[in-house]
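To start, the structure under review is shown below, and the notes come after it.
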Amino acid sequence: MVLTISVLTMNVWGIPFISADKDIRIEKISEHLVTSEYDVISLQEVWSEYDFQKIRDKLSKKYPYAHYFYSGVFGSGLCVFSKHQIISVFFHHWALNGYVHKIQHADWFGGKGVGLCRLKVNDKIVNFYTAHLHAEYDKLRDDYVTHRIIQAFDTAQFLENTRGNCSLQILAGDLNTEPNDLAYRILLSVSGMKDSFVQNTEVQPYFATSDYINNSYTKVKNANGKEGVRIDYVLYREGNDSVSNVEKYEMPLLEKIPDYNISYSDHEAVHAKIIIIPKKENELFSSGVDQILTIQNNIKNLKECIATCNQSLKTIESHRCSYSLMAIGLLVILLNILEISPSYGFKTVYLIIKFLIISLILFLIFMATIWNVMEKHGILSGKLAMQITLKNSEIIMENINN
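2 is the number of the first residue of the sequence shown in my numbering; add one for each residue after it.
Here it is, written out as structure tokens:
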């Protein structure tokens, strides 16, 4: 039986008190969705539970099944709406998830990870995943490249280990990585997922889902002289007994919101329609050449990831030494100023200075000990898992060559 499923993914940019025109945009996005014919919808950056309930109430008749993935301090921001029954859910929290002290980035407080909704589509099981990888705040000096690589690899392992007997796996979300970036390559090579944009047989223009030059929220300085970047995806993997085809791929909300002349979000929505057809018996085995190329790419990508992890571990050790030395230096200063007896007019200032120094010392000790160990263990966890996958891939390659 042919299985057809229509998917929409969108980062709605729903940060309370920060995202511009949030309430208007959430309302108009809901209006579009309620008149749409999608089967499953994945939304990211729905950071307010109130906004989720508002969208859910609007869509409840057409999309009776919905789930919000709670996590972290603010919630993961991930939610799914479906016409088809959600029979089970699971959220996998990433071990490496940003920096607690970089409050302006706030990724750590979101408790990011990958969510799974198992859907019953007719008599088939579809594993529908949604994720939002760590943002890239500065391309020239990316402090989070290792975070995204490990998150991508972790997600790929989660996809592989939860595959089971499903007829189709779909991952939809803002992955914050461009095609050809290492995080993108490792995610696809380890999981076996396909990019619906690449698989679409229609001749396509250059699609940009973020920093799109015609988006009302794109700043000229961020456009980089091109249309933007593609970082929002619908990835999929059919079962071993099936073949697939991407019948449709589009960005359905490129036009401005009527009467407001603003875009629906700072990201563009992506819609993909995927068709799964059972294979004939003589088509069940894939080409040996394809398998070899896949394994070779996997080995290359894994080695590059492990090298990046090693470099990050060296940086972490350097940070530990820096934080420790700064804490010792401030402690020496504190011990010296304890003997000072300020005049009456300066006592308050003196107490404030002591409080600030003590607070900074405690922060530096926290960063040099607890946080440093947490980050180190997060990277080591991902690195060791990569090494196991690499070793297995190399063994398979040796067996093929022999």
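All C-beta atoms in this analysis are idealised placements derived from N, C-alpha and C, irrespective of residue type, glycine included.
Bear in mind that the values here come from a model prediction, so they are computed numbers and not experimental data.
Count the other CB atoms within 10 Å of the CB of residue i; is the residue buried (16 or more) or exposed (fewer)?
i: Y69; result: buried
i: E203; result: exposed
i: M2; result: exposed
i: H102; result: exposed
i: Y39; result: buried
i: F347; result: exposed
i: S394; result: buried
i: Y265; result: buried
i: L285; result: Confidence is the limiting factor: at L285 the pLDDT is only 47, short of 50, which leaves the residue's position unreliable and the question unanswerable from this model.
i: K222; result: Only weak support is given to the placement of K222: the predicted model assigns it a pLDDT of 49, under 50, and the value that follows is read from those uncertain coordinates. Exposed.
i: N166; result: exposed
i: A21; result: exposed
i: N283; result: Confidence at N283 is low in this model, with a pLDDT of 45, below 50, so the placement of that residue is unreliable and no value is reported for it.
i: K140; result: exposed
i: G15; result: buried
i: Q152; result: buried
i: S61; result: exposed
i: L336; result: exposed
i: T390; result: buried
i: N306; result: The question names Asn, but residue 306 is Cys in the sequence shown. Per the 10 Å Cβ criterion, buried.
i: M387; result: buried
i: V122; result: buried
i: L34; result: buried
i: E32; result: exposed
Give me the DSSP bridge partner(s) of residue i.
i: M11; result: L44
i: R119; result: S89 and N128
i: L172; result: Y130 and L236
i: S245; result: I277
i: G76; result: In DSSP, G76 forms no bridge with anything.
i: L16; result: The sequence shown places Ile at residue 16, rather than the Leu named in the question. Beta-bridge pairing links I16 to no other residue.
i: V101; result: Paired residue(s): none; V101 is not in a bridge.
i: G114; result: H94
i: V230; result: S211
i: V271; result: T10
i: E251; result: H272
i: L407; result: Any question about residue 407 goes unanswered here, given that the chain covers just 2 to 403.
What span of residues does the alpha helix (DSSP H) with residue i cover, start to end?
i: E395; result: N373 to N402
i: K59; result: E50 to L60
i: H148; result: V146 to N162
i: I27; result: K23 to V35
i: V191; result: L183 to S192
i: S197; result: S197 to Q200
i: Y351; result: K348 to F367
Measuring only the C-alpha atoms, how far is residue i from residue j?
i: E239; j: M327; result: 54 Å
i: D214; j: E228; result: Reading off the sequence, residue 214 comes out as Ile, not Asp. In a straight line, the C-alpha of I214 is about 5 Å away from that of E228.
i: K315; j: F367; result: 19 Å
i: S319; j: Y130; result: 37 Å
i: K280; j: I19; result: 50 Å
i: L331; j: L357; result: 10 Å
i: E340; j: N373; result: 33 Å
i: I30; j: N402; result: 53 Å
i: W95; j: Q158; result: 12 Å
i: S192; j: L236; result: 10 Å
i: Y138; j: T309; result: 18 Å
i: C80; j: S344; result: 59 Å
i: K113; j: I334; result: 39 Å
i: E161; j: I56; result: 31 Å
i: A224; j: V146; result: With a pLDDT of 45 at A224, under the threshold of 50, the modelled position of that residue is not reliable, and the figure given next carries that caveat. Roughly 21 Å separates the two Cα atoms.
i: G73; j: E399; result: 43 Å
i: T295; j: T163; result: 21 Å
i: E256; j: T10; result: 17 Å
i: I1; j: D52; result: Here the chain covers residues 2 to 403 and nothing more, so residue 1 does not appear.
i: S83; j: I353; result: 55 Å
i: F75; j: S49; result: 8 Å
i: D58; j: L44; result: 15 Å
i: N1; j: K355; result: Outside the modelled stretch of the chain, which goes from 2 to 403, sits residue 1, for which no answer is possible.
i: P17; j: A136; result: 18 Å
Compare the C-beta of residue i against all C-beta atoms of chain B and say whether one is closer than 8 Å.
i: I277; result: As a matter of chain content, chain B is missing from the structure shown, which is built from one protein chain.
Round the Cβ separation of residue i and residue j to the nearest angstrom and send it over; I've been treating them as touching at under 8 Å.
i: R149; j: L134; result: 5 Å
i: V90; j: I6; result: Wrong, their Cβ atoms sit about 18 Å apart, outside the cutoff.
i: H85; j: V115; result: With a Cβ gap of about 20 Å, H85 and V115 do not count as contacting.
i: D196; j: I232; result: Not confirmed; about 12 Å, so no contact.
i: H268; j: S211; result: 5 Å
i: E46; j: N12; result: 5 Å
i: N246; j: I276; result: 5 Å
i: N299; j: S190; result: 4 Å
i: I187; j: V8; result: Wrong, their Cβ atoms sit about 23 Å apart, outside the cutoff.
i: Y250; j: N201; result: 4 Å
Considering just the uninterrupted stretch of the beta strand (DSSP E) at residue i, what are its terminal residues?
i: S83; result: C80 to S83
i: Y69; result: Y66 to Y69
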